[in-house]
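In what follows, a structure is listed as structure tokens, so that the remarks can point back to it.
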Amino acid sequence: MRARVVVFTLLALVAGACGNRSGDEDSGEPTGGDDGGSTEVSAGSGAGATDVGVTDDTITIGVIADLTGVVPGLFKAAPDAVKAYAEMVNEAGGIHGRQLVVEVFDTGTNDNGNRLAYEDACDAVFASVGSESAFDTGGVEAVTECGFPHLAGFTTDDAIDELPFVFPRTTAEYANVGPARWFAEEFPDAVANAAIVHGNIPVTERSADQLIEAREAVGWSFAYRQAAGTLESNYTPIALELKNRGIQALTWVYDVNNIVRLQKAMREQGVTIPVVDVTTQGYSQDYLEAAGPAAEGSYVGLTHVLLEEADEIPALEEYVTWLAEVAPDEEPTSNGLQAWIRAEMFVEAATAVGPELTRDALIAELEGMTDFDADGLIPPIDVGDPVPKQACFVIAQVRDGAYVRVFPETGFQCSADDVYQYGG
Amino acid sequence: MTELLAFTIVGIVTGSIYAVAASGLVVTYTTSGIFNIAHGAIGMFMAFVYWQVRFDWGWPTPLALAFVLLFAAPLMGAGIERTLARNLGSASLVSRLVVTIGLLLVLMGAALNIWPPQGRRVDGFFSPGGFDLGPVFVTWHQTTTVLVAAAVAIGLRLLMFRTRAGVTMRAVVDHRGLATLAGARPAVSSTLSWALGSSLAALAGILLAPVLQLNVQALTLLVVNAYAAAMVGRLRSVPLTFVGAVVLGLVESYAVGYLPDDGAFTNLRVAIPTLMLFLALLVIPEVRVRAGTTIAARMPRTVTLGRSLLACAALVAVAGAFALAVDEGALTEVASGVALGIVALSLVPLTGWAGQVSLCQMTFAGLGAFGMVRFASDGSAVGLLAAVAIAVPVGALVALPALRLRGLYLALATLAFAVLMDNVFFIRSDVFGNLGAVEAERLRIGGLSFEGDRAYFLLLVTVFGVLAVGLLALRRGSFGRRLSALRDSPVACTMMGLDTTVTKLQVFALSSAIAAVGGALLAGLRQTATAADHTMFNSLPVVLLAVLGGITAVSGALVGGLVLAGFPVLADNVSWLSSLAILGPGLIGITLARRPDGLVLQAADLWAGRERLRAAASGLPERVEELGLTVPFEDSHRAAIDRGLALDA
Numbered sequence: 015m016r017a018r019v020v021v022f023t024l025l026a027l028v029a030g031a032c033g034n035r036s037g038d039e040d041s042g043e044p045t046g047g048d049d050g051g052s053t054e055v056s057a058g059s060g061a062g063a064t065d066v067g068v069t070d071d072t073i074t075i076g077v078i079a080d081l082t083g084v085v086p087g088l089f090k091a092a093p094d095a096v097k098a099y100a101e102m103v104n105e106a107g108g109i110h111g112r113q114l115v116v117e118v119f120d121t122g123t124n125d126n127g128n129r130l131a132y133e134d135a136c137d138a139v140f141a142s143v144g145s146e147s148a149f150d151t152g153g154v155e156a157v158t159e160c161g162f163p164h165l166a167g168f169t170t171d172d173a174i175d176e177l178p179f180v181f182p183r184t185t186a187e188y189a190n191v192g193p194a195r196w197f198a199e200e201f202p203d204a205v206a207n208a209a210i211v212h213g214n215i216p217v218t219e220r221s222a223d224q225l226i227e228a229r230e231a232v233g234w235s236f237a238y239r240q241a242a243g244t245l246e247s248n249y250t251p252i253a254l255e256l257k258n259r260g261i262q263a264l265t266w267v268y269d270v271n272n273i274v275r276l277q278k279a280m281r282e283q284g285v286t287i288p289v290v291d292v293t294t295q296g297y298s299q300d301y302l303e304a305a306g307p308a309a310e311g312s313y314v315g316l317t318h319v320l321l322e323e324a325d326e327i328p329a330l331e332e333y334v335t336w337l338a339e340v341a342p343d344e345e346p347t348s349n350g351l352q353a354w355i356r357a358e359m360f361v362e363a364a365t366a367v368g369p370e371l372t373r374d375a376l377i378a379e380l381e382g383m384t385d386f387d388a389d390g391l392i393p394p395i396d397v398g399d400p401v402p403k404q405a406c407f408v409i410a411q412v413r414d415g416a417y418v419r420v421f422p423e424t425g426f427q428c429s430a431d432d433v434y435q436y437g438g
Numbered sequence: 037m038t039e040l041l042a043f044t045i046v047g048i049v050t051g052s053i054y055a056v057a058a059s060g061l062v063v064t065y066t067t068s069g070i071f072n073i074a075h076g077a078i079g080m081f082m083a084f085v086y087w088q089v090r091f092d093w094g095w096p097t098p099l100a101l102a103f104v105l106l107f108a109a110p111l112m113g114a115g116i117e118r119t120l121a122r123n124l125g126s127a128s129l130v131s132r133l134v135v136t137i138g139l140l141l142v143l144m145g146a147a148l149n150i151w152p153p154q155g156r157r158v159d160g161f162f163s164p165g166g167f168d169l170g171p172v173f174v175t176w177h178q179t180t181t182v183l184v185a186a187a188v189a190i191g192l193r194l195l196m197f198r199t200r201a202g203v204t205m206r207a208v209v210d211h212r213g214l215a216t217l218a219g220a221r222p223a224v225s226s227t228l229s230w231a232l233g234s235s236l237a238a239l240a241g242i243l244l245a246p247v248l249q250l251n252v253q254a255l256t257l258l259v260v261n262a263y264a265a266a267m268v269g270r271l272r273s274v275p276l277t278f279v280g281a282v283v284l285g286l287v288e289s290y291a292v293g294y295l296p297d298d299g300a301f302t303n304l305r306v307a308i309p310t311l312m313l314f315l316a317l318l319v320i321p322e323v324r325v326r327a328g329t330t331i332a333a334r335m336p337r338t339v340t341l342g343r344s345l346l347a348c349a350a351l352v353a354v355a356g357a358f359a360l361a362v363d364e365g366a367l368t369e370v371a372s373g374v375a376l377g378i379v380a381l382s383l384v385p386l387t388g389w390a391g392q393v394s395l396c397q398m399t400f401a402g403l404g405a406f407g408m409v410r411f412a413s414d415g416s417a418v419g420l421l422a423a424v425a426i427a428v429p430v431g432a433l434v435a436l437p438a439l440r441l442r443g444l445y446l447a448l449a450t451l452a453f454a455v456l457m458d459n460v461f462f463i464r465s466d467v468f469g470n471l472g473a474v475e476a477e478r479l480r481i482g483g484l485s486f487e488g489d490r491a492y493f494l495l496l497v498t499v500f501g502v503l504a505v506g507l508l509a510l511r512r513g514s515f516g517r518r519l520s521a522l523r524d525s526p527v528a529c530t531m532m533g534l535d536t537t538v539t540k541l542q543v544f545a546l547s548s549a550i551a552a553v554g555g556a557l558l559a560g561l562r563q564t565a566t567a568a569d570h571t572m573f574n575s576l577p578v579v580l581l582a583v584l585g586g587i588t589a590v591s592g593a594l595v596g597g598l599v600l601a602g603f604p605v606l607a608d609n610v611s612w613l614s615s616l617a618i619l620g621p622g623l624i625g626i627t628l629a630r631r632p633d634g635l636v637l638q639a640a641d642l643w644a645g646r647e648r649l650r651a652a653a654s655g656l657p658e659r660v661e662e663l664g665l666t667v668p669f670e671d672s673h674r675a676a677i678d679r680g681l682a683l684d685a
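Same order as they appear, the protein sequences are chains R and X.
Counting from 15, one number per residue, gives the positions in the first sequence under the numbering used here.
Counting from 37, one number per residue, gives the positions in the second sequence under the numbering used here.
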């Protein structure tokens, strides 16, 4: 009896809730038309509904992210950041009299859900802004067929990178070897005896191959490479191997959980490695919290500002304050910052296009944005060109449980020489 | 030499962790007769509770430990015993597995919701100190682990054989009735053993958490590794379990030190626990088979060919009408249900009719998807042939251990197989690509393409119908009778000269073929074939929902598939319960103990009004409580019986 009741209740819930599978609207407050560019007195652009997701007084943008499923809240930072940006823009009057409305689509943290989310989003929103999902492969066809402006926080499938309406354009052919070169110049003896630990799944294996190639081009020499399973029961043997071989520089391609376990095992066994490059995975509160004292001294090379410098960079301060408005329990994170930057990119381009806002016009505008720096949050990039003209970085280190800037003194270190092309 | 010593020490420490995890499992089994698949999940949940009180709320360690080990964990164990396990003592194996698997999923889902993934720091005991033992620095936490494991092994042995409580626990499992007559109180004893088992699970979780970090999947899965150790002890002997655990730890440790660093060997290294489990299952002599059925669900009536064809036609017609009435977006969800129904259908002949429990159907589905994307990237029907051609030999291969194993051991072997495939096959880039996902085309037969959502939905329904009709036809023939014989009594089969070997091979091959077809079509529906969809964890809800629908009825498979596909839809609308896709099937699983027949058969009974008739006809109540007695059975009654039997009080 109980089984039947449980099932019928669930089915009733499903039936009752059908038709609203993924909507989660969140609109900013309309403030009444103070936009400076339109002739209307009240909110409204006067141009009417110029494209999908655009009405006379709203622009609807979509954020497709991994929110529920086997790893709940994986990329929750993305929609929160985009909503925060929309709040800020709407408070200031919107874009040419139109208020920015953010609709969130949940992929369910799997490939099929990614596809369904993009299919839903395509007909409902003007553009995808700040979308972040680890399962882009599932949605490749849906995104390709849709053709809407796709300002993704990051992409995980090369096929998406090649689409002409994805911004900023990126390519996997080039690497930024700036941080690697800095380590080589500061610690030449250490990088001559380096090791890399990575996951045993194909994507991390391939990333490890590329990382080794790029770093060896600037003076690193990898003496030890170890693949570790996701559920490696004990990292002590690997830590001992590092000690036995006298490794002086360490980096990896893995998730925070395993990085923490390795560093803890290293700390227990008294394995001191002067140069530990945690890569961007380690630039998070999760890592600092879980690793505790084991994280001390770890380095990271970033391509955006340090989140700790909010009081020095007004744009960063904006992200932090508006995020606190929209999602008070959220911390500023790297992923959230990337989504915020995409939102800024979108708004800048949409403002430049004007009231006659269409998808094609926006795409053309983005292609022409050759010098976008999100008000100092990132070094200037050419949004429409996948081939980077220069590589920039900033180095930070964990000291007393928090990240501290190490190099350069301010801003970013940029050089065209730090652009490395794989395979040559 | 120092290297060998170093790795040996590390191996012993790892082994101790396995030992603590495995001995709790053995205790539960010897004292309740139920192999608690959720054992690791209990440990994981309690590890999170420990983190909560110790590190988040800042309680002192002794208080936190006492709270978890002496209050929270036993409470959970007792609760599980009273609500779930008490009914399971005489239930069939399938019922027991379904309930414990359901519990596993519920605990995982609950943990993911209560403690969403984020960095949580867990320090080991007395950390960070330690001492040097030769070339290795042994932390106090590691020392504690080894000592605790040894204490547990010795303590359990003493408990089980030297104390009244322990002997009672074992007696109650051996023969409840006799034990009661001798003065034992089975209810209390049962509760105690589950409480003890839970505490041991919690202990393992607390010792493991600083090593593995607080990660739901990692902590739950490590106990799967511990099954190997438990098998070495034949699920009976705690000291042998300890030995098995240490051997496993040592082998794993030496593998890191002495196997080449190359990627291919890493996968081998990761697979060591499952390989050892296989070895243990095959080599260690089987424990005396516990009397009891594998599966209690009754068989539905046989259906004539005419009626099954009519039903199939009706199904396709209804599906056609449905497809036209509903918009395409909602249709894909239902189509998912039908595709999952095909995979669930593979369990009907295997588990429902032949009584062979399999927990790896999604693995076969994955092989089917692999065949489809790698041999027919344009979606031609050749892909389906490839899917079947790959799955059938693998199914037969899995059947080989089945020849020797029965019941629980077979189920565990299939579980180990699924984990092995996850670690060694599905992560390969030549299987599902570098990112673990490959684009899949929808089926194309000749010039006819099923690209559209409506067309593909009808294709799925038709394939399901055809397979169902085929299965029903098989059931009417001699193959069906052999399956029934296999399910009822393998011993009688052998006595009568029926070759169980061939029958088992055939039914495994058939089942894997159906699952492969389901997997190939499911990948086409989703237009992606991913490794993540075919993990061991994905096979578990399929079993649960197949049993819910009715594991002996082909239409039950469809019901099960549809319900399973409903959960992600539900999850979208219930965003605060973000792990509903795991929690839902789990909740369903734990309610299935008393109703082994499944929804379809119950519905059929209701329809025919038979439930009333059957109850009236049998005349025997299921439980003593239903006899309508109003006087409780007390010590005075027991004393009277003792006197009557001329036993001294």
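Cβ atoms here follow ideal geometry from the backbone N, Cα and C, with glycine treated the same way.
Which two residues bound the contiguous beta strand (DSSP E) that contains residue i?
i: residue 295 (chain R); result: Residue 295 (chain R) -> no beta strand (DSSP E), and no H or E assigned at all.
i: residue 175 (chain X); result: 172–175
i: residue 169 (chain X); result: 166–169
i: residue 73 (chain R); result: 72–79
Going straight from the alpha carbon of residue i to that of residue j, what length do you get?
i: residue 163 (chain R); j: residue 627 (chain X); result: 48 Å
i: residue 598 (chain X); j: residue 582 (chain X); result: 10 Å
i: residue 129 (chain R); j: residue 179 (chain R); result: 17 Å
i: residue 633 (chain X); j: residue 76 (chain R); result: 46 Å
i: residue 369 (chain X); j: residue 196 (chain X); result: 52 Å
i: residue 46 (chain R); j: residue 212 (chain R); result: Bear in mind that a pLDDT of 37 at residue 46 (chain R), under 50, signals an unreliable position, so the number given afterwards is only what the model happens to contain. For residue 46 (chain R) and residue 212 (chain R), the distance between alpha carbons rounds to 54 Å.
i: residue 428 (chain R); j: residue 408 (chain R); result: 9 Å
i: residue 280 (chain R); j: residue 257 (chain R); result: 9 Å
i: residue 54 (chain X); j: residue 392 (chain X); result: 29 Å
i: residue 172 (chain R); j: residue 344 (chain R); result: 30 Å
i: residue 315 (chain R); j: residue 294 (chain R); result: 7 Å
Using a Cβ cut-off of 8 Å, pull out every chain X residue sitting near residue i, in sequence order please.
i: residue 215 (chain R); result: 463 and 472
i: residue 154 (chain R); result: 475
i: residue 124 (chain R); result: 566, 568 and 569
For the alpha helix (DSSP H) that contains residue i, what are its first and last residues?
i: residue 265 (chain R); result: Unbroken run through residue 265 (chain R) is the beta strand (DSSP E), 263–267; no alpha helix (DSSP H).
i: residue 273 (chain R); result: 270–282
i: residue 220 (chain R); result: 216–230
Can you pull the chain X neighbours of residue i, defined as C-beta to C-beta under 9 Å?
i: residue 254 (chain R); result: 39, 42, 43, 46, 171, 172, 292 and 293
Please list the partners that residue i has in chain X, where partner means a Cβ-to-Cβ separation under 7 Å.
i: residue 151 (chain R); result: 471, 473 and 564
i: residue 251 (chain R); result: 43, 46, 289, 292 and 293
i: residue 301 (chain R); result: 155
i: residue 170 (chain R); result: 471
Are the CB atoms of residue i and residue j nearer to each other than 9 Å?
i: residue 229 (chain X); j: residue 119 (chain X); result: no
i: residue 424 (chain X); j: residue 443 (chain X); result: no
i: residue 618 (chain X); j: residue 133 (chain X); result: no
i: residue 389 (chain X); j: residue 543 (chain X); result: yes
What residues from chain R crowd round residue i, counting only those whose CB sits closer than 9 Å?
i: residue 508 (chain X); result: Here the premise fails: no neighbours, minimum Cβ distance about 25 Å.
To the nearest whole angstrom, what separates the beta carbons of residue i and residue j, a pair I think is in contact under 8 Å?
i: residue 282 (chain R); j: residue 173 (chain X); result: 6 Å
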